[in-house]
Amino acid sequence: MGNILVVAEIQKGELREASYELLTQAHAVAGAGDAGRKVRSLVIGSGVADAAAEFAGKGGGDTYLADAEGLAAYNVNGWEAAILAAAEAAEADLILLSNTPSGWDVAPRIAAALDAAFVSDCFKIEADGDGLALYRRVFNGKLDAKLSVSGAGPVVATMQPGACAAYEGTSQGATHPVEVKLDGAKAVFVEVKAAESKGVDLTKADIIVSGGRGVGDPEKFTEVIQPLADALGAAMGASRPVVDAGWLPHEYQVGSSGQVVQPKLYIACGISGAIQHLVGMKTSNFIVAINKDPDAPIFEVADIGIVADLFEVVPALTKAVQEAKGG
Amino acid sequence: MKVLVCLKQVPHSDARLDIRDDGAWIKDDGVKFEINSYDTYALEQALRVKDAGEAEVVVVSIGPDRVTQALRTALGMGADRAVHVNDPEAEGSDPLGVAKILAAVAAEESPDLILTGFMSEDGNFAAVPPMVARLQGIPSATAVVQCEISDSSVRVERELEGGAMEVVDLEMPCLIALQTGANQVRYASLKGIMQAKKKPVDAKTVADLGLAGQVGASAVKVVIEKIYRPDKGEGAEMLEGSTGEVVSQLVGKIKELGLL
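Chains as they are written, first to last, in my numbering: chain A, 1 to 327; chain B, 1001 to 1260.
Encoded structure:
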């Protein structure tokens, strides 16, 4: 059996927390088997030798270093070449990446290149005899799936950031440069545009009342959601489908591609709770979810759940809040 | 310019998800299907290329007879023709198997641009598009919310975390996987639907594509052992009763939190 290659990521000059989470997963799988699997790592970037040395000492083990000016920013061709070179040098048959914008962009290409089994966005991977059991969400978080890989070929998997704790152990490891051929790239990085400044800053609100697809149409936001927000002195938020449909501008979006919020009270109305939304609000101090679907994943992160028609509960709640404040 | 759009038909987003007896997927009898929402943005993008000048838009989908409906819808919206890989041998493919089929269709069609959705609403793998690109030896970009298409290249904006965007230039031919919200998707017009009836739908088998024995359930590298309702963990305290009772409990809780 081969080794495990962990592909680390650097963001704003620092190794990402998610990369240390990969190490937790890698060591758990390596330790569970008796095949003498070793954890190896790869750090990609420009001027990142120190980061590679740091990773090698903090659980990464022997760490490959793809260090070139052309790798300063993520580039699909450069990353693909670096990962394939390191996987070969490491004799890896399990390659782990984070399910981040870089990870999800390149990982399936690695699997195609190696004719490997591929499983994305896992929240847990376990050694299962000679094989692996991989757990992930399907149907936008409504169901979980347990998968296994068949055959002896290589496996490429991405892990959901935040799904496990960061590795805190140490390791003995050296860094080994890998050569990456960068000329002839057919995808060229141009720039990163910073997030546009928000007209609506939800991160400072004590209370957020958010609406999802279940609200039904843009007018209902004005008629049903906004009055509750006004009554509570809360900000109004929304889930992605609402913004995609053009009901509200992007600045209202709570989630991994919108604003990440942590209010004292978050009231989710008609939001089913796709992972990308949960990531943006699950650390709120207190969460109330109102949804007519009892299986909606939002109830997993909520403190209080109400299975009901939001058009009955929300106006009644608005009235009760107004009365409580008035009297 | 030739644009190939890959479409997947998935259970309707409001469909009830009942787990099959073998536990390995949902029951799909009686389930209403629709075009994967992500893919509708890819189709819209392709139709905009056509609106802007000379372009042929070909749609491809894999699946049983029900998939004809998705292809007819796409033709009604303005696509020129369709390829339907309708073969029991394709059923049960894992993402790499699906990618091999689509790459074989792409090899036959030689498009300048392949447009897909970023992921499917059922499997949520987000795996097939970059795999197709790699199998075809072309560049790809995922989670794309904007593209500017010129004669030989495409400038895309990819969504990063927290609302930042990554701008990338891709040399054609290339594959672009669109994020939801990338554009406003049109509806099929009545005229379009009438015209669609005359547009060609080319049926293909796995053997036609030279992939006999290489895809489908027998060739999977990844097996779905079971799907199940997530462990709710501690989950929420569920409030029950009349609307009045529920609301008064909720108001009590908001007071406890010191927010009322």
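C-beta atoms are modelled at their ideal positions from N, C-alpha and C, and glycine is treated no differently.
Determine which residues of the segment 30 to 52 of chain A have a Cβ less than 7 Å from any Cβ of chain B, and write them out in chain order.
none
Can you pull the DSSP bridge partners for B:P1011?
B:F1033
Residue range of the alpha helix (DSSP H) that A:E300 falls in?
298 to 301
As assigned by DSSP and simplified to three states, the class of B:S1248:
helix
Taking only beta-carbon atoms, is B:F1033 less than 8 Å away from chain A?
no
Please confirm whether B:G1117 and B:Y1187 have their CB atoms less than 8 Å apart.
no
Flag A:A68 as yes if its beta-carbon sits less than 8 Å from any beta-carbon of chain B, otherwise no.
no
I need the straight-line Cα distance from A:L147 to A:D121, nearest angstrom please.
12 Å
Using 8 Å as the cut-off, can you tell me whether the segment 1240 to 1254 of chain B makes contact with the segment 303 to 319 of chain A, which would need three or more C-beta pairs spanning the two stretches below that distance?
yes
Mapping the DSSP letters down to three states, classify B:K1197 as helix, strand or coil.
coil
Contact check, B:V1168 vs A:V7, beta carbons under 8 Å
no
How big is the Cα-Cα spacing for B:P1130 and A:A32?
32 Å
Backbone CA spacing between B:L1190 and B:G1076 [nearest angstrom]:
8 Å
For B:E1237, return the contacting residues in chain A, with the cut-off set at a CB-CB distance below 8 Å.
D303, I304, G305
What residue does the beta strand (DSSP E) around B:H1084 start on, and which one ends it?
1081 to 1085
Three-way DSSP call (helix, strand, coil) for B:V1167 in this model
strand
By the DSSP assignment, the alpha helix (DSSP H) with A:S102 in it spans what residues?
101 to 114
The alpha helix (DSSP H) with A:N75 in it runs from where to where?
Here A:N75 belongs to no alpha helix (DSSP H), and DSSP marks it neither H nor E.
Interface residues of chain A facing B:L1017 [CB-CB closer than 7 Å]:
F139, K142, L143
Cβ-based contacts, 8 Å cut-off: residues of the segment 1165 to 1178 of chain B near chain A:
M1165, E1166, V1167, V1168, D1169, L1170, E1171, C1174
When you compare each of A:N3, A:L97, A:E80, A:A107 to A:E328 by their alpha carbons, which one comes out closest?
Past the boundaries of the shown model lies residue 328 of chain A; chain A is included only from 1 to 327, so the question cannot be answered.
Distance, A:L132 Cα to A:G36 Cα
15 Å
So what's A:L202 in DSSP terms, helix, strand or just coil?
helix
Given this structure, state the Cα-to-Cα distance separating B:R1066 from B:E1044, to the nearest angstrom.
22 Å
For A:D67, write down the residues that DSSP places opposite it in a beta bridge.
A:G45
At a CB-CB cut-off below 7 Å, which residues of chain B make contact with A:F221?
Neighbours of A:F221 on chain B: none; closest Cβ ~17 Å, over 7 Å.
Taking 8 Å as the CB-CB limit, is A:F286 close to chain B?
yes
So with CB distances below 8 Å, who are the chain B contacts of A:P297?
P1230
With distances taken Cα to Cα, identify the nearest neighbour of B:G1137 among B:P1111, B:E1159, B:I1149.
B:P1111
When you compare the CB of A:P108 with every CB in chain B, is at least one pair closer than 8 Å?
yes
First through last residue of the beta strand (DSSP E) which encompasses A:Q276:
Per DSSP, A:Q276 belongs to no beta strand (DSSP E); it is in the alpha helix (DSSP H), 275 to 281.
Just tell me which of B:E1256, B:A1236, B:K1255 has its CA closest to the CA of A:K282.
B:A1236
At the level of alpha carbons, what is the spacing between A:A187 and A:D303?
45 Å
is_contact[B:T1116, chain A] using C-beta, thresh 8 Å
no
Which residues in the same chain as B:D1080 place their Cβ atom closer than 7 Å to its Cβ, once the five residues preceding and following it in sequence are excluded?
E1056, V1057, V1058, K1199
Does the count of Cβ pairs from the segment 1145 to 1157 of chain B and the segment 1092 to 1111 of chain B closer than 8 Å reach three?
no
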